[in-house]
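Chemist: According to the numbering used here, the stretch in the sequence shown is residues 696 to 1015, in order.
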Amino acid sequence: MGQALWRLPPRQQQQLQEELADRLADRGGGRREQGRDGGPQRRAPQHCYGPDIYHLLRTRMGGKEQHGFIDLEMLPPELGITILSYLNATDLCLAGCVWQDLGNDEYLWQGLCKSTWGHCSIYNRRLPAGFSYRRLYLQLDEGSLTFNANPQEGISYFMSKGILVDHPTELAKFIFYTRRLNWKMLRIYLDERRDVLDELVTLHNFSNQFLPNALRDFFRHIHAPEERGEYLETLITKFSHRFCTCNPGLVQELGLSPDAVYVLCYSLILLSIDLTSPHVKNKMSKREFIRNTRRAAHNVSDDFVGHLYDNIYLIGHVAA
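Set out below in structure tokens:
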């Protein structure tokens, strides 16, 4: 029932709220507001885009006030999974002791696994009899903690449990769709496994994205090193080729090439440092940025370079 109410159209949701409010007023013995003629005055409709969860729970509990935390079992399944996804494995086990139905609900644990670790090789296999998603969640959590301490040991743990297959594509998908891996350890691992890095780059889709925004999206998944060096050059080179592959029309229209994008990316990184660093007193002007970039990228128009400057000036660093 909760799931059905959660998906009602907005007009029906508004009617439901009004009915719930009237029912609560009747059960609570509260007085309705009186109009000028002495009769009951109907409450003004409230504009909303979803049912009032608080009133919904009170109605389902018989209108009784409850102090403390609400019962997650009374929430729609989607909302319960969203709340529990913010807990770690220890807190989830404790929650399972309090809400035993949730603790034994395999569909809930399956949702928690796939919402946190979006891709695992084990998802695509035929699961054996007696398979437990709760046990898998604990293994995934243990493996992630191990990875954040030692990347190689973490990946070995996943493989020993049959969660991952030692293939660059599978490892890249696991990294791309996982949000619990430490970015510093991830950077160390990708620097050692360039084959996984290549597959990870191909998972990015930069179609119809402005160059600085695409670079931010890239560095959000593959964090840039703190210092310039061979690894940063490798990342920018791979990004430049991928960006041109995803935007053939833009490349043809603006006359871009992987080498030109490479130069623009370095210019954007230097400009980001110049505009955001408190140690730089004399900030680079838009005219100076266009002049310096024109020397390195001859075929790029001044208008396009000017838009690049505006983006960094307004939004901020591309590799923050």
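Idealized CB from N, CA, C, for every residue including glycine.
#1: Just to check my reading of the structure: Phe934 and Leu910 have Cβ atoms closer than 8 Å, yes? What is that Cβ distance to the nearest angstrom?
#2: Within 10 Å of its beta-carbon, does Arg737 have 16 or more other beta-carbons around it, so buried, or fewer, so exposed?
#3: With 16 as the cutoff for other CB atoms within 10 Å, does Glu894 come out buried or exposed?
#4: Where does the unbroken alpha helix (DSSP H) through Ile870 begin, and where does it stop?
#5: Can you tell which of Pro823, Thr811 and Arg821 has its C-alpha closest to the C-alpha of Leu833?
#6: Between Leu673 and Leu1003, how many whole angstroms is the CB-CB distance? I'm expecting something under 8 Å.
#7: Put Glu928 into one of helix, strand or coil per three-state DSSP.
#8: Ordered along the chain, which non-local residues of its own chain (more than five positions away) have a Cβ less than 7 Å from that of Leu840?
#9: Cα-Cα, which of Gly857, Thr897, Met854 and Gln805 is closest to Ala867?
#10: Is Phe914 near Val1013, with beta carbons less than 8 Å apart?
#11: Measuring CA to CA, which of Leu966, Thr971, His974 and Ser972 is closest to Val1000?
#12: I'd like to know if the stretch 856–875 and the stretch 920–928 are in contact, where contact means that at least 3 CB-CB pairs between them fall below 8 Å.
#13: Can you name, in chain order, every residue of its own chain whose Cβ lies under 7 Å from the Cβ of Ala857, other than the five neighbours on each side?
#14: Would Val956 and Cys939 qualify as a contact pair, given that the criterion is a beta-carbon distance under 8 Å?
#15: Going straight from the alpha carbon of Phe984 to that of Pro920, what length do you get?
#16: For Phe826, I'd like the list of residues in its chain whose CB is within less than 6 Å of its CB, leaving aside the five on either flank, ordered along the chain.
#17: Ordered along the chain, which non-local residues of its own chain (more than five positions away) have a Cβ less than 7 Å from that of Ile964?
#18: Please report how far the alpha carbon of Asp890 lies from the alpha carbon of Pro771, in whole angstroms.
#19: Between which two residues does the alpha helix (DSSP H) holding Ser855 run?
#20: Rounded to whole angstroms, what is the Cα-Cα separation between Val995 and Pro953?
#21: What is the rounded straight-line gap between the Cα of Leu803 and the Cα of Val975?
#22: Pull up the distance between the alpha-carbon of Leu800 and that of Ile870, whole angstroms please.
#23: Could you please give the first and the last residue of the uninterrupted alpha helix (DSSP H) stretch that includes Ala955?
#24: Among Asp969, Thr932 and Leu970, which one has its Cα closest to the Cα of Cys960?
Modeler: With the given structure in hand:
#1: Confirmed, Cβ separation roughly 7 Å.
#2: Low per-residue confidence applies at Arg737: pLDDT is 48, beneath 50, and the placement is therefore not dependable, though the value from the model is reported in the following sentence. Flag for Arg737 reads exposed.
#3: buried
#4: Pro863 to Phe871
#5: Residue Thr811 is the option with its Cα nearest to Leu833.
#6: Outside the displayed span of the chain (696 to 1015) sits residue 673, for which this structure offers no information.
#7: helix
#8: none
#9: Thr897
#10: yes
#11: Leu966
#12: no
#13: The amino acid occupying residue 857 in the given sequence is Gly; Ala does not appear at that position. Only Ile817 meet the Cβ criterion.
#14: Contact flag set, yes.
#15: 24 Å
#16: none
#17: Val1013 and Ala1014.
#18: 42 Å
#19: Pro846 to Ser855
#20: For Val995 and Pro953, the distance between alpha carbons rounds to 12 Å.
#21: Between Leu803 and Val975, the alpha-carbon positions lie close to 51 Å from each other.
#22: Note that residue 800 is Asp in the sequence shown here, rather than Leu. The alpha-carbon atoms of Asp800 and Ile870 are separated by roughly 27 Å.
#23: Pro953 to Thr971
#24: Thr932
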